[in-house]
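Under my numbering, think of the first position of the sequence shown as 19, with each following residue one higher.
Even glycine gets a Cβ: it sits at the ideal position worked out from N, Cα and C.
The model shown is predicted, which means the values in this text are computed figures rather than measured ones.
Read the structure below first, then the notes.
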Amino acid sequence: MIDIDTPVYFTAPDGQRYRVTVSYDSDTDSPRTWTNGTIMHTFDSSYNSPDGERCQDRRHNQIHPLIPGDYVEGGTVDMRRARRYVTLFDADCIAIAGLHRGHDGTLSLSFAGDNSQYWETDGYIMITSDTWAETMGEETVSLDMVEQIMTQEVDVYNKWASGEFTSVLVEREQGWQAIDAGGVLGDEDRTMTTWEVEHAVGGFDDGDAAFEDGVAALPDGSDREE
C-alpha cells in the first residue's frame, strides 16, 4: 500500500528526475455524481442524502419517488412495509435493502434476511432494471451480484464520506543556478531546485490506483529510486 503524502522518486531514461505523491483529496465530488448501479436515499435531516436532490422526505412535505411518505416517520423508514410496497407496485425494482447511518456519517446495509431489529432504517438502496442495464448490460440478474454491487457502492461512498479519497501529483525536478551580470555562473550556494507540476488528478477511491495513474504519466522506462 502506498504511503500518503510521501513522495516516491523516479529517474527517466534521459536522467530527468520526477516525484509522485499521493494525498487525501478533500475537494472531490461525491461518487454519487458518477454513473452508479444503485439508487441511494437517506432521510436523516442532519445529513445530505447520497443521491442529493433526488431525496425527498416528509419534513419538506414532498412525495418521495419510491417510498410513500407515510412509510417515513422522523427520518426513519419502515423497510418491512417498503419492501412489500415495491414488490407489489414497482415492477422496475430488482432489489431493495435498508441503509443505516452511523454517527460518523457512514452507511451500513441490511438485507431482507437480516435480523428483524434492522427493519427500521435511515433510508434505502435499490437496483432497478434501468440501473442494472446501464451498468451490467445484458448480463442475467444474479442476487449475489446485486448484493455485491450494493455493498461496493456503499463502501465507495463511505470512503468519500470519511475523507479517504485520494489524488496524485507528478512533478518534474528543475535545477536553477544564478548567473551574474557578466553571464558568468554564480557560486554553488547560488543554486536551487524546484519541482514543476506535470500531472495532477483527484477523485480516486484507492490510494494504490492513484499511484498507478501517476506512474503511468511518467516517461516510458522511468525507474523508481530506492
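- prompt: Just the Cα atoms here: how many angstroms apart are residue 44 and residue 150?
  reply: 30 angstroms
task: Using only alpha-carbon positions, find the residue among 55, 216, 244, 67 that is nearest to residue 147.
output: 55
- request: Go ahead and pull the three-state DSSP assignment for residue 52.
  value: coil
- prompt: If you draw a straight line from the C-alpha of residue 168 to the C-alpha of residue 219, how long is it?
  reply: 27 angstroms
field: Helix, strand or coil at residue 34 according to DSSP, with G and I counted as helix
entry: coil
- prompt: Assuming residue 223 contacts residue 177 under a Cβ cut-off of 8 angstroms, what Cβ separation, rounded to an integer in Å, is found between them?
  reply: 5 angstroms
message: Is it buried or exposed, residue 162, if we count other Cβ atoms within 10 angstroms and call 16 or more buried?
response: exposed
message: Distance check for residue 191 and residue 34, CA to CA, integer angstroms please.
response: 7 angstroms
field: Beta bridge counterpart(s) of residue 26 as assigned by DSSP
entry: 38
- request: Give every residue of the same chain whose Cβ lies closer than 6 angstroms to the Cβ of residue 20, excluding the five residues on either side of it in the sequence, and list them in chain order.
  value: 40, 225, 226, 229
field: Coarse secondary structure for residue 45, derived from DSSP in three states
entry: coil
- prompt: Going straight from the alpha carbon of residue 42 to that of residue 122, what length do you get?
  reply: 18 angstroms
field: Boundaries of the alpha helix (DSSP H) in which residue 115 is found, first to last residue
entry: Note, residue 115: premise wrong, no alpha helix (DSSP H); beta strand (DSSP E) at 111-119.
task: Can you tell me the Cβ-Cβ gap for residue 179 and residue 145, rounded? I've got them flagged as a contact below 8 angstroms.
output: About 21 angstroms separates the two Cβ atoms, so there is no contact after all.
- request: Tell me whether residue 128 sits in a helix, a strand or coil according to DSSP, three-state version.
  value: strand
field: Which of helix, strand or coil DSSP assigns to residue 169
entry: helix
query: For residue 240 versus residue 36, is the C-beta distance shorter than 8 angstroms?
result: yes
query: Given that a residue counts as buried once 16 or more other Cβ atoms are within 10 Å of its Cβ, and exposed if not, what is residue 234?
result: exposed
- request: Quickly, what does DSSP pair residue 193 with across the bridge? List them, please.
  value: 211
field: Residues of its chain near residue 211, where Cβ-Cβ distance is below 8 angstroms and the 5 sequence neighbours each way are ignored
entry: 191, 192, 193, 194
task: Run the CB neighbour count on residue 242, radius 10 Å, all protein chains shown included, and call it buried at 16 or more, exposed below.
output: exposed
- request: Assign residue 120 to one of two classes, buried (16 or more other C-beta atoms within 10 Å of its C-beta) or exposed (fewer than that).
  value: exposed
message: Classify residue 57: buried if its beta carbon has 16 or more other beta carbons within 10 angstroms, exposed otherwise.
response: buried
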